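Residue numbers (my numbering): 13 to 292.
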């Protein structure tokens, strides 16, 4: 059993040392808590659990603490994929929901598994998800002051369960100040993809990740026989012509974990029951 999570990017120029330490501690706590959960739950259940914890932590740009768009509203996206069934579900630009990833899980039960905008929000209401504002004072202050957002905030998780099944989940609060209706990578197979061979979750600039089909490429290459690190190497090389901004975490069917970013520094943590690792 293995688990790896990410919480977007860390910038020394815009984030202080105290915040860095807080993110390290939060990621280690969440990855260990989620690993304990994995002992008695499936990979799908565990990635939803882990991403929900990340959505509930205002240190990360997903769920609570999501960025505010140019019209003053918060719209979030999240997706879930089961490596065994190959089912993908997601919500795009959903509003006033505490945990978008849990709505994605609910969508696994229906045929129309990817919903956007008011359709996603209406589905959430119809299935018991109450109105919840994910805005925090810090985001409103940033919006009012028209501060530039980094556009690199997303959370995600990949897990390998005791039965050898893989799952991946990704959630984002957006890049901030974007045009309403903008679609990120987080609820697409470019940003969140898994099959029986490999699972990948992305963070970074959504447009760059979609242009490169990053998650799907890595998984496809591992499926075709590439070692995990070589699949990353080739795929990240293909980001270079346009200076693509991306970070990815992954686990393959043999339990190998890997992470890479094209720009410093993605925040992540992993745990296998004995060995822990966190971004430095």
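Even for Gly, the Cβ is constructed at its ideal location relative to N, Cα and C. Since this is a predicted model, take the numbers as computed values, not measurements.
Residues of the same chain with a CB within less than 7 Å of the CB of residue 241, apart from the 5 flanking positions on each side, are 270 in chain order.
By a beta-carbon distance limit of 8 Å, residue 230 contacts residue 212. Their separation comes to about 5 Å. Residue 22 holds the alpha-carbon nearest to the alpha-carbon of residue 71 among 214, 189, 22 and 233. A direct Cα-to-Cα measurement between residue 51 and residue 254 gives close to 42 Å. Only residues of its own chain outside the window of five on either side were considered, and among them 118 have a CB closer than 6 Å to the CB of residue 139, listed in chain order.
For the pair residue 168 and residue 181, the Cα-to-Cα distance works out to about 5 Å. In the DSSP annotation of this structure, residue 134 is not part of any beta strand (DSSP E); the continuous alpha helix (DSSP H) holding it starts and ends at 129–138. Per DSSP, reduced to three states, the secondary structure at residue 183 is strand. Sixteen is the threshold: when 16 or more other Cβ atoms of the shown chains lie within 10 Å of the Cβ of residue 207, as they do, the residue is buried. Between residue 95 and residue 177, the beta carbon gap of about 6 Å places them in contact (Cβ cut-off 8 Å). Residue ranges of uninterrupted alpha helix (DSSP H) with 4 or more members are absent from the segment 71–98; none lies entirely inside it. Collapsing the DSSP output to three states places residue 171 in a strand.
DSSP places residue 18 within a strand segment (E or B) once states are collapsed to three. For residue 241, the enclosing alpha helix (DSSP H) stretches over residues 240–249.
When C-alpha distances from residue 113 are compared across 173, 156, 64 and 38, the shortest belongs to 64.
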